[in-house]
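Novice:
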Amino acid sequence: MHRYSATRMILDLVGDLPIVANLGPTTDELWHAGHRDRNFYTYGSMGLCSSIALGMALSTDEKIVSLDGDGSLLMNMGTIASIGREQPRNLVVVVWDNEQWAQTGNQLSHTAYGTDLEQVARGCNIANTATVREEEELQTVLMQALEEDGPWFIVAKIEEEAEYMPVAPIEPEMTLYRFRNTF
Ligand SMILES: Cc1ncc(C[n+]2csc(CCOP(=O)(O)OP(=O)(O)O)c2C)c(N)n1
Ligand SMILES: [Mg+2]
């Protein structure tokens with residue numbers, strides 16, 4: 102599965118629901134796939150994508166979709182425990198797991214050496230989990246996650262792109278302003 106194609110599929114699926122994107126390629130690809138006011142792009146704040154999404158989920162009834170990254174989540178795994186503790190029914194976490202810190206030079210991450218983030222989530226009392234490798238599988242589980250109560254934690258194993266999208270012109274203050282005005 103490729104992240105850009107899967108990102109486009111997710112945009113089609115979620116309608117107007119808020120999406121929080123991990124820094125780097127995840128944010129860039131979301132911007133190119135379909136810039137919209139309800140995309141919350143993170144910039145520099147590595148490890149905080151799903152933390153921010155958790156905070157949002159706790160303050161609204163709408164489903165919140167977090168598009169996180171393996172390397173970032175590994176740096177802040179306490180987020181998974183916090184999600185398991187708080188049990189937000191409306192939070193859907195998708196982890197783009199390319200088994201590397203791609204943006205900083207493709208260094209292999211722990212998931213390339215056996216760390217299984219789905220099992221971490223299950224160990225943190227998150228019952229609705231999956232690991233998927235094909236875009237169609239991701240679509241199926243995501244449709245279920247958007248219909249049924251969560252929290253959901255979906256590890257999407259992806260093949261790293263040979264070329265990256267151009268860096269998106271993100272201004273964090275504008276992202277916050279645009280996003281807040283949609284609630
Ligand atoms: C606290 C902190 N440490 C390091 C960085 C540098 N950095 C930016 S993106 C990145 C890799 C992120 O890896 P992952 O979440 O797996 O996303 P990928 O690049 O693979 O899409 C790193 C190390 C940073 N922004 N903040
Ligand atoms: Mg990665």
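Those letters in the sequence shown? Residues 102 to 284, by this note's numbering.
Here a beta-carbon is modelled for each residue, glycine too, at the ideal position from N, C-alpha and C.
All values reported here derive from a predicted model rather than from experimental measurement.
1) Since K164 and L112 are thought to touch, with beta carbons under 8 Å apart, how far apart are those beta carbons, to the nearest angstrom?
2) Considering only heavy atoms of ligand 1, does any lie closer than 7 Å to the CB of P126?
3) Return yes when the Cβ of G251 is within less than 8 Å of the Cβ of L209, no when it is not.
4) Using the DSSP secondary-structure output, state which residues sit across from A231 in a beta bridge.
5) Mind checking whether the beta-carbon of G172 lies closer than 7 Å to any heavy atom of ligand 2?
6) Can M266 be considered in contact with ligand 1, in the sense that its beta carbon sits closer than 7 Å to one or more heavy atoms?
7) Pick from S106, T108, H103, L131: whose alpha carbon is nearest that of P267?
8) Which first and last residues belong to the alpha helix (DSSP H) in which V221 is found?
9) Would you list the residues sitting across from I165 in a DSSP beta bridge?
10) Under 8 Å Cβ to Cβ from Q240, same chain only, skipping five residues before and after it: list those, please.
11) What are the residues that DSSP puts in a beta bridge with E260?
12) If I measure Cβ to Cβ from A246 and keep anything under 6 Å in the same chain, skipping five residues before and after, which residues do I get?
Specialist: Answer, in terms of the structure:
1) About 14 Å; that fails the 8 Å criterion.
2) Distance from the C-beta of P126 to the nearest heavy atom of ligand 1 is below 7 Å.
3) no
4) I255
5) G172 Cβ: within cutoff of ligand 2.
6) Outside the cutoff, so no.
7) Of the listed residues, the one whose Cα sits closest to P267 is L131.
8) Note, V221: alpha helix (DSSP H), 218–224.
9) L192
10) M110, L114
11) H103
12) Short of 6 Å from the beta carbon of A246, and not among the five residues preceding or following it, lie these beta carbons of its own chain, in chain order: V193, W253.
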